[in-house]
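Undergrad: Residue numbers (this note's numbering), protein chains in the order written: chain S, 34 to 197; chain X, 18 to 437.
1. Sort X:160, X:333, X:112 by Cα distance to residue 76 of chain X and report the nearest one.
2. What does DSSP give as the partner residues of residue 117 of chain S in its beta bridges?
3. Any contact between the stretch 194–209 of chain X and the stretch 124–135 of chain X? By contact I mean 3 or more CB pairs, one from each, below 8 Å.
4. Could you run through the stretch 137–153 of chain S and flag, in chain order, every residue whose CB is less than 8 Å away from some CB of chain X?
5. Shorter than 8 Å from the beta carbon of residue 156 of chain S to some beta carbon of chain X?
6. Could you pull the DSSP bridge partners for residue 35 of chain S from this structure?
7. With contact counted as at least three CB pairs below 8 Å, one residue from each stretch, are the stretch 219–238 of chain X and the stretch 185–194 of chain X in contact?
8. Count the C-beta pairs between the stretch 94–111 of chain S and the stretch 69–82 of chain S that are closer than 8 Å, then say yes if the count reaches three, no if not.
9. Here's the rule: buried if 16 or more other CB atoms are within 10 angstroms of the residue's CB, otherwise exposed. What is residue 235 of chain X?
10. Just the C-alpha distance for residue 377 of chain X and residue 392 of chain X, rounded to the nearest angstrom, thanks.
11. State whether the stretch 115–134 of chain S contacts the stretch 92–101 of chain S, with contact taken as three or more CB pairs (one from each stretch) at a distance under 8 Å.
12. In terms of alpha-carbon separation, which member of S:155, S:119, S:104 lies closest to residue 45 of chain S?
13. Identify whether residue 61 of chain X lies in helix, strand or coil by the three-state DSSP scheme.
14. Using the beta-carbon count (16 or more within 10 Å), is residue 219 of chain X buried or exposed?
15. Under 8 Å between the Cβ atoms of residue 160 of chain X and residue 188 of chain S?
16. Is there a C-beta anywhere in chain S that falls below 8 Å from the one on residue 242 of chain X?
17. Using only CA atoms, which one of S:42, S:149, S:194, S:140 lies nearest to residue 180 of chain S?
18. Applying the 10 Å Cβ sphere with the 16-neighbour rule, what's the burial state of residue 259 of chain X?
19. Taking Cβ positions only, does residue 92 of chain X come closer than 8 Å to chain S?
20. One question on the structure: do residue 280 of chain X and residue 131 of chain X come within less than 8 Å of each other, judged by their Cβ atoms?
21. Should residue 417 of chain X go down as buried or exposed, given a rule of 16 or more other Cβ atoms within 10 Å for buried?
22. State the DSSP-derived secondary structure class of residue 19 of chain X, mapped to helix, strand or coil.
23. Going by DSSP, which residues form a beta bridge with residue 443 of chain X?
24. If I'm right that residue 65 of chain S touches residue 51 of chain S with Cβ under 8 Å, what's the distance once you round it to whole angstroms?
25. Can you give me the C-alpha to C-alpha distance between residue 23 of chain X and residue 368 of chain X, rounded to a whole angstrom?
26. Could you give the distance in angstroms between the alpha-carbon of residue 286 of chain X and the alpha-carbon of residue 434 of chain X?
27. Could you check whether the Cβ of residue 34 of chain S sits closer than 8 Å to any Cβ belonging to chain X?
28. If you measure beta-carbon to beta-carbon, which residues of the stretch 88–109 of chain S are closer than 7 Å to chain X?
29. When you compare each of X:41, X:395, X:74, X:379 to residue 172 of chain X by their alpha carbons, which one comes out closest?
30. Secondary structure at residue 96 of chain X, three-state DSSP: helix, strand or coil?
31. For residue 437 of chain X, count neighbouring C-beta atoms within 10 Å of its own C-beta (all shown protein chains included) and say buried if the count is 16 or more, exposed if not.
32. Against residue 410 of chain X, what residues of chain S qualify as contacts under a CB-to-CB distance less than 7 Å, listed in chain order?
33. Residue 356 of chain X by DSSP, collapsed to three states: which one?
34. Would you list, in sequence order, the uninterrupted beta strand (DSSP E) runs of no fewer than 3 residues that lie entirely inside the stretch 318–397 of chain X?
35. Determine the chain X residues that contact residue 197 of chain S at a beta-carbon separation under 7 Å, and present them in chain order.
36. Have a look at residue 404 of chain X and residue 34 of chain X and give me their C-alpha separation to the nearest angstrom.
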């Protein structure tokens with residue numbers, strides 16, 4: 034699957050409180066959470082993000098809490114994909130489990146600025162920066178995780194295996 | 018047979034294998050699957066969405082509504098109701114509500130629900146606390162919890178281990194909290210990303226069970242999958258007094274492989290303070306300078322246990338908290354609350370001008386029971402000091418051990434007990 038979107042660029046160690054502050058965790062409604070997505074880091078994000086936009090961040094994106102509300106808020110805000118140098122492990126698992134595409138790619142992060150247009154092939158991990166015409170290759174998704182994605186997420190995979 | 022670390026041994030046993038190697042993907046049986054009032058509602062929604070009708074074991078799925086309780090508003094009450102209804106419908110043995118509720122990572126060990134040798138997953142990042150008992154425990158999201166509630170299993174990539182050796186004797190006022198803050202300051206908030214942290218050495222052996230849990234609690238703040246301390250006589254005594262299942266005591270083989278070994282001379286370490294806005298932004302207490310405070314919080318899954326109450330009471334005895342700040346003390350469980358009352362700590366706390374809160378996560382995550390205004394500054398015995406963590410995004414949170422927090426409450430600025 035190919036996606037194309039405009040970039041929102043952030044730094045290192047974007048924690049889950051920055052992605053969705055705990056004061057909003059009295060609900061798990063995706064549309065409600067989306068309204069406050071990234072509020073602490075970037076107050077303009079939620080009001081201006083467009084369907085298909087892409088978040089590009091430095092290392093350790095999603096560190097801190099286990100709250101699945103973080104990838105839920107990002108996805109519900111319309112973000113099609115997050116590209117970072119690395120992800121905190123619980124955020125990484127959560128994103129696969131609930132269906133937010135995420136990619137690891139140092140070079141793409143270093144050569145992308147806010148507002149650039151990226152084209153991402155989620156199947157191959159090829160990232161094209163259409164603004165500066167550079168191309169990058171994200172780290173491959175581990176085969177086991179790819180199976181989960183193909184099954185439609187963790188819960189669908191459990192159902193498919195007849196475990197429910 | 019391949020020599021293994023304690024973490025590898027626990028995972029191998031729960032995967033039904035003789036050995037595992039870091040990097041292996043294993044499907045393991047979980048002994049306990051835990052959720053709270055923020056994370057379990059999503060897990061329960063997923064559970065129902067795929068048509069599940071029963072949990073894998075009604076004694077092993079644990080629900081503790083501890084974050085926004087006592088219910089702070091209508092929405093949080095609705096979330097707690099989802100847990101309550103589910104717990105009753107599925108006849109869960111371990112559901113703690115109202116006056117039985119405590120901060121989950123203090124409550125589960127205290128009640129013997131988690132035992133040494135377990136594999137525990139919890140939809141709360143500080144689930145890594147139980148490593149202090151010699152269990153493999155790690156935080157997960159709600160969907161992973163839902164899957165474990167149904168199947169009793171979870172997949173893991175076997176982590177590499179980093180060994181931290183603390184030789185020598187701990188200095189005065191230096192606790193497990195300071196050791197873990199020292200590590201996080203040295204390796205950074207992703208310094209142990211995806212890895213297991215194993216804490217050893219004479220100084221670690223000298224730590225109480227409370228202090229060991231406090232240390233493992235913050236493994237996640239270095240990005241780790243888990244933190245663990247091999248069981249010893251103290252662990253056995255603790256488990257024998259409360260374990261509701263038979264504990265299994267594992268230890269690392271002498272020839273076990275570590276991706277890194279980091280050694281410290283414990284006698285050279287001071288109490289540490291983490292400055293805003295990352296737990297890795299640490300300084301020795303002697304290098305803190307003048308930091309005036311508006312609030313001090315003593316509590317949480319990191320430092321709300323009886324040892325923490327005891328040290329706070331010792332320092333606050335006969336003293337008054339500065340009128341410039343609010344001192345909030347939160348015993349983490351009803352058991353700790355009652356014991357503090359029995360030992361006269363509450364008399365000391367109230368005479369010092371402290372607010373005593375019922376057990377709750379409350380202010381630690383900016384929920385309730387002590388939220389900060391713009392420009393305010395708190396010192397807390399909690400585990401995170403991210404931007405806006407305890408309230409307004411222009412407020413600040415500093416982290417320390419309970420002794421430093423209690424002394425700072427008296428001084429009105431960050432200070433050590435010896436300055437009183």
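The beta carbon of each residue, even a glycine, is placed where N, CA and C say it ideally should be.
It should be emphasised that the depicted structure is a prediction, and the values quoted were computed from it without experimental measurement.
TA: Straight from the coordinates:
1. That would be X:112, whose Cα lies nearest to the Cα of residue 76 of chain X.
2. S:90, S:137
3. no
4. none
5. Not a single C-beta of chain X is nearer than 8 Å to the C-beta of residue 156 of chain S.
6. S:154
7. yes
8. yes
9. buried
10. 25 Å
11. Enough Cβ pairs lie closer than 8 Å, so yes.
12. S:119
13. helix
14. Answer is exposed; the Cβ neighbour count stays below 16.
15. Residue 160 of chain X places its beta carbon less than 8 Å from that of residue 188 of chain S.
16. yes
17. S:194
18. exposed
19. yes
20. no
21. buried
22. coil
23. Missing from the structure shown is residue 443 of chain X; chain X here goes from 18 to 437 and no further.
24. Incorrect: roughly 18 Å between the Cβ atoms, too far for contact.
25. 46 Å
26. 16 Å
27. no
28. 92, 93, 96, 97, 98, 99, 100, 101
29. X:41
30. helix
31. With fewer than 16 Cβ atoms within 10 Å of its Cβ, residue 437 of chain X is classed as exposed.
32. 73
33. helix
34. 343–346, 394–397
35. 67, 68, 69, 167
36. 44 Å
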